[in-house]
Amino acid sequence: MADSEDTTKELYSLPYASSADEGGRLDEQHNMLKLLLDGLFPCPELVAKVLKDEEGRTKSILDLGSGSGSWCLDVSNQFPQAQVVGIDIASNLQRNTSNCRFELWDINQGLLPFHGQFDLVHARFLHGIINHHNLILEATKCLKPGGLVIFLRAGPNVTEGRTALMPAASSRMPDQSWYQRFWSFVELGSTQRGLPAEIYNRDYDEGFWDYETMDEKMCGAAFITLPIGAWVTTSNPTETARLRTIGKFWAENTMRVCRHIDHEMSAAGRSEKDIELLQTRLDNDLQTTQTHSSMTIRAIWGCAQSVEDANSRNHSPPRDEDAPLPLLSNEPGEYRVITIFDNKLAWTKFNAQLMSTMTPDTKELRETPGFDLMEA
Ligand SMILES: C[S@@+](CC[C@H](N)C(=O)[O-])C[C@H]1O[C@@H](n2cnc3c(N)ncnc32)[C@H](O)[C@@H]1O
Numbered sequence: 001m002a003d004s005e006d007t008t009k010e011l012y013s014l015p016y017a018s019s020a021d022e023g024g025r026l027d028e029q030h031n032m033l034k035l036l037l038d039g040l041f042p043c044p045e046l047v048a049k050v051l052k053d054e055e056g057r058t059k060s061i062l063d064l065g066s067g068s069g070s071w072c073l074d075v076s077n078q079f080p081q082a083q084v085v086g087i088d089i090a091s092n093l094q095r096n097t098s099n100c101r102f103e104l105w106d107i108n109q110g111l112l113p114f115h116g117q118f119d120l121v122h123a124r125f126l127h128g129i130i131n132h133h134n135l136i137l138e139a140t141k142c143l144k145p146g147g148l149v150i151f152l153r154a155g156p157n158v159t160e161g162r163t164a165l166m167p168a169a170s171s172r173m174p175d176q177s178w179y180q181r182f183w184s185f186v187e188l189g190s191t192q193r194g195l196p197a198e199i200y201n202r203d204y205d206e207g208f209w210d211y212e213t214m215d216e217k218m219c220g221a222a223f224i225t226l227p228i229g230a231w232v233t234t235s236n237p238t239e240t241a242r243l244r245t246i247g248k249f250w251a252e253n254t255m256r257v258c259r260h261i262d263h264e265m266s267a268a269g270r271s272e273k274d275i276e277l278l279q280t281r282l283d284n285d286l287q288t289t290q291t292h293s294s295m296t297i298r299a300i301w302g303c304a305q306s307v308e309d310a311n312s313r314n315h316s317p318p319r320d321e322d323a324p325l326p327l328l329s330n331e332p333g334e335y336r337v338i339t340i341f342d343n344k345l346a347w348t349k350f351n352a353q354l355m356s357t358m359t360p361d362t363k364e365l366r367e368t369p370g371f372d373l374m375e376a
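Those letters in the sequence shown? Residues 1 to 376, by the UniProt record's numbering.
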């Protein structure tokens, strides 16, 4: 384990949750995500169905890259009859409880010891993974028949209307989004370090629909947004206050996360001076409430086939080429947090449409490591 832990440490950019500072940050982030989703999952009905008590069966849950352990402990309290296991390359500051334990495991070694044992496998904001596609396959192998897998990943930021990407800022376009610029560096740097952002993105674009072992009728995806900064006003004052609390936290949280981007920035060919400059601009960007943008989270999920399904795999629902997109944009006086997709075509179409809103400048910034745009 020691060798692979060293390699993984180089791949994972953030401090480990075993430090009080990072553990505390992940706890606060977890609480804000709970407030955002009004719970622990993007698909709560499906989770309730999969985890409902059944006589003679103990339900089991695996969290990949459990970080500070707060998600595991909350799930273990919500489902006291279930057994929860959180695995991570690093320890956290939590104690095991009667139905929740934490194990040290490097996910880059695969998940063989966990195969076939879980009703729910969950991975949120996991990065530093050498072969993400393999991880997705490994996660599905950890499921019992009918078990549910959920993956969540943070992404770039979008404009107020939620349907277009914010253009990335540069010295040529200083009024655009420095957060988007930061995200371009993270993706570029990650790719340069041998963790191709493209593979993560493709896995999320495709969801779980097409996997041989999955039940395509029980797959879905969600486009989730949260405001960066306290800028939202809705027609409901309680909702406005909730979204402003989340937005304010998220801007501060992002500033904290961005203190650890040196690996990605240097891999993307940036100097120390550039890093400092980006951080200053990013801080200014995040502190203003003038930029009405939202960070995106994509969630994908699916259930493994049950024994009956596996015997009769020929159940493909008809594919609707004109699958309509669900409602995405914010109406006046509202802020939409989550949009659910139950259809692969609509999800793929939506992802392609969103990416097609990337401006040529932003595209160029993402693809050119040595392209110096930091200074006027
Ligand atoms: C950004 S944190 C997210 C933590 C938690 N899932 C959450 O949402 O609060 C990512 C976690 O993945 C863990 N991690 C990164 N690479 C890993 C690996 N190869 N094996 C196991 N855990 C890993 C890190 O130690 C960290 O705790």
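Glycine included, C-beta positions come from ideal geometry on N, C-alpha and C.
Because the structure is a prediction, the values reported are computed rather than measured.
Residue 145 sits close to residue 306, with the two beta carbons spaced by under 7 angstroms.
Contact annotation: residue 346 and residue 325 have beta-carbon atoms nearer than 7 angstroms. Here DSSP, grouped into helix, strand and coil, assigns residue 36 to helix. Taking C-beta atoms under 8 angstroms as the contact rule, residue 106 and residue 130 fail to qualify, at a distance of about 10 angstroms. Taking 6 angstroms as the cut-off, the C-beta of residue 122 does not count as close to any heavy atom of ligand 1. With the rule of 3 Cβ pairs closer than 8 angstroms, the segment 240-260 does not count as touching the segment 45-63. The Cβ atoms of residue 220 and residue 342 lie closer than 7 angstroms to each other. In the displayed model, residue 363 falls within a helix according to three-state DSSP. Of the other Cβ atoms in all chains shown, 16 or more fall within 10 Å of the Cβ of residue 302; this residue is therefore buried.
Between the alpha carbons of residue 58 and residue 47 lies a gap of roughly 15 angstroms. Taking the Cα of residue 120 as reference, the smallest distance to any Cα among 22, 43, 239, 201 is reached at 43. Annotated three-state conformation of residue 331 is coil, per DSSP. Residue 243 places its beta carbon 7 angstroms or farther from that of residue 295. Counting along the chain, the unbroken alpha helix (DSSP H) around residue 186 starts and ends at 178-192.
Per DSSP, reduced to three states, the secondary structure at residue 277 is helical. Restricting attention to alpha helix (DSSP H) runs no shorter than 4 residues, the segment 130-161 encloses them at 132-141, ordered along the chain. If you draw a 10 Å sphere on the C-beta of residue 191, you find 16 or more other C-beta atoms in it, and that means buried. By the CB criterion at 7 angstroms, residue 222 and residue 247 fall outside the cutoff. Taking residue 35 as the centre and dropping the five residues before and after it, the same chain places the C-beta of 242, 245, 246 closer than 8 angstroms to its C-beta, in chain order.
Cα atoms of residue 239 and residue 113: separation of roughly 44 angstroms, rounded to the nearest angstrom. Take residue 99, set aside five residues on each side of it, and the residues of its chain with a beta-carbon closer than 7 angstroms to its own are 76, 80, 82, 83, 84, in chain order. Here residue 138 is buried: its Cβ has 16 or more other Cβ atoms, across all protein chains shown, within 10 Å. By the Cβ-count criterion, residue 202 is exposed, with fewer than 16 other Cβ atoms from all chains shown falling within 10 Å of its own Cβ.
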